[in-house]
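Start counting the sequence shown at 5; every next residue gets the next number (our numbering).
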Amino acid sequence: MVFIAFHGQDNSVANPVYSKIIQIPYSHFYQTGAPFDTGTSYRPGARFGPSGIRQGSRRLNLYGGYNVPLQANPFTSDMRILDCGDVPVTSYDNAWAIRQIEEGHNSILMRKPYLDANKPGLSRAGKTLPRVITLGGDHTITLPLLRSINKAYGPVTVIHFDSHLDSWKPKVFGGSPSEVAAINHGTYFYHAAMEGLLRNDTNIHAGIRTTLSGPSDYDNDGYCGFEIVEAREIDVIGTDGIIKKIRDRVGTDNPVYLSIDIDTLDPAFAPATGTPETGGWSTRELRTIIRGLDGLNFIGADIVEVAPAYDTNAELSTMAAADVLYEVLTIMVKKGPLSIGEDSHEL
5 MVFIAFHGQD NSVANPVYSK IIQIPYSHFY QTGAPFDTGT SYRPGARFGP SGIRQGSRRL
65 NLYGGYNVPL QANPFTSDMR ILDCGDVPVT SYDNAWAIRQ IEEGHNSILM RKPYLDANKP
125 GLSRAGKTLP RVITLGGDHT ITLPLLRSIN KAYGPVTVIH FDSHLDSWKP KVFGGSPSEV
185 AAINHGTYFY HAAMEGLLRN DTNIHAGIRT TLSGPSDYDN DGYCGFEIVE AREIDVIGTD
245 GIIKKIRDRV GTDNPVYLSI DIDTLDPAFA PATGTPETGG WSTRELRTII RGLDGLNFIG
305 ADIVEVAPAY DTNAELSTMA AADVLYEVLT IMVKKGPLSI GEDSHEL
């Protein structure tokens, strides 16, 4: 059992409604939600993203889950997958909410996995840990998630699918009127880099097509440790070229965290997001690229910025997000537990 509670400095419970003990069985993969959207700069509503993505996934089932390109069914393997529900997040205090997300994630991450718990793994303590996929929420949530992961793995490599850099200096993005306001969905990678949460030579963005304050934004992004693959490059090098760029940058040995903003997709395919940008990739292209990352050491992931209120009646955005989640889950399940050695479990 794991006991998840969110306490204040005076040991008061931060959210009395959720103060009861939550009992969670051991698993290999955990899914949780972070219903937070008070770090947005344009349209709110991503706090409803976790429930929206779950709704979008309702057509996926045990018997229709075989992924033909990856030749695996994440739902019928011997890997246990558990949805833990949402982390309780206050909507009144961003600093407190960020702490809640970090502590909630870490309470799950630091559990023993169902299998291979006694085998050496990639964590800094040499242990095999379960993997957590978080449904956002705006992209600010990636900062507390990386803080949690840092406790387990140290600095990690990040693959970031997005139309925006999200590594802006606070003075550039939002003006930084306060320490709390300085952390938002456009600055969290800057803070992650300054806090030493990222490796400085293997991170990569893919799908970028944002406007900038100037060329210095790209310079600052490089200082934060990122290489950039712009969305328009797919017209020249195709999905295979995008996949090669990502794999060459990341390598095969590093622990990798995957962060996916739904606005990577063109608004024609996913209109329900806080900061849409035209000229994006199709759902088919993004799913193909994610499949091309099969075999990398993904230690966790998030899918963020889904704001269901802006979706179509056909639920295009939530369905697309759920399908992206399915691809991520499939490559993780296919990889098996991240234990090290000849006797490690792999499908």
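Glycine residues also receive a C-beta, built at the ideal position from the N, C-alpha and C atoms.
Proximity to residue i [Cα-Cα], best of the options
| i | options | result |
| --- | --- | --- |
| leucine 320 | Leu201, Leu66, Thr287 and Pro134 | Thr287 |
| glycine 89 | Tyr34, Asn110 and Thr42 | Tyr34 |
| leucine 302 | Thr191, Ile241, Arg203 and Val337 | The identity of residue 302 in the sequence shown is phenylalanine, whereas the question assumes leucine. Closest option to phenylalanine 302, Cα to Cα, is Val337. |
| phenylalanine 79 | Lys173, Ser343 and Leu329 | Leu329 |
| tyrosine 222 | Lys248, Tyr194 and Pro54 | Tyr194 |
| valine 332 | Ala311, Val260 and Pro312 | Val260 |
| proline 275 | Thr292, Ile264, Thr243 and Ala324 | Ala324 |
| tyrosine 30 | Thr279, Val136, Ala186 and Ser127 | Val136 |
Range of the contiguous alpha helix (DSSP H) that encloses residue i
| i | result |
| --- | --- |
| isoleucine 163 | Taken as a continuous stretch (DSSP letters only), isoleucine 163 belongs to no alpha helix (DSSP H), being part of the beta strand (DSSP E) at 161-165. |
| glutamate 183 | Careful: glutamate 183 lies outside any alpha helix (DSSP H) and carries neither H nor E. |
| valine 176 | Counting along the chain, valine 176 falls outside any alpha helix (DSSP H), and DSSP gives it neither H nor E. |
| aspartate 252 | 238-254 |
| leucine 150 | 146-157 |
| aspartate 221 | 220-227 |
| glutamate 289 | 287-295 |
Residue environment, residue i, which counts as buried when at least 16 other CB atoms sit within 10 Å
| i | result |
| --- | --- |
| tyrosine 70 | exposed |
| threonine 132 | buried |
| asparagine 317 | exposed |
| isoleucine 238 | buried |
| proline 73 | exposed |
| isoleucine 25 | Interpretation of isoleucine 25 is limited by its pLDDT of 30, a score under 50 that renders its predicted location unreliable; the figure taken from the coordinates is listed afterwards. Flag for isoleucine 25 reads exposed. |
| methionine 198 | exposed |
| serine 1 | The structure shown does not extend to residue 1, since the chain is modelled only from 5 through 351, so no value can be given for it. |
| threonine 322 | buried |
| asparagine 122 | exposed |
| arginine 352 | Residue 352 falls outside the range modelled here, since the chain spans only 5 to 351, and no answer is possible. |
| tyrosine 67 | exposed |
| alanine 210 | buried |
| asparagine 65 | exposed |
Residue i - DSSP class collapsed to helix/strand/coil
| i | result |
| --- | --- |
| alanine 38 | strand |
| isoleucine 57 | helix |
| tryptophan 100 | helix |
| lysine 131 | strand |
| asparagine 317 | coil |
| phenylalanine 273 | coil |
| alanine 311 | coil |
| valine 233 | strand |
| histidine 209 | strand |
| leucine 119 | coil |
| phenylalanine 33 | strand |
| glycine 68 | helix |
| glycine 125 | strand |
| serine 343 | strand |
Residue i: CB within 7 angstroms of a non-hydrogen atom of the ligand COA
| i | result |
| --- | --- |
| alanine 196 | No copy of the ligand COA appears in this structure; indeed no ligand is present at all. |
Residues that DSSP places opposite residue i in a beta bridge
| i | result |
| --- | --- |
| alanine 305 | Ile137 and Leu262 |
| leucine 202 | Val160 |
Limits of the unbroken beta strand (DSSP E) element including residue i
| i | result |
| --- | --- |
| alanine 196 | Unbroken run through alanine 196 is the alpha helix (DSSP H), 192-198; no beta strand (DSSP E). |
| leucine 86 | 85-90 |
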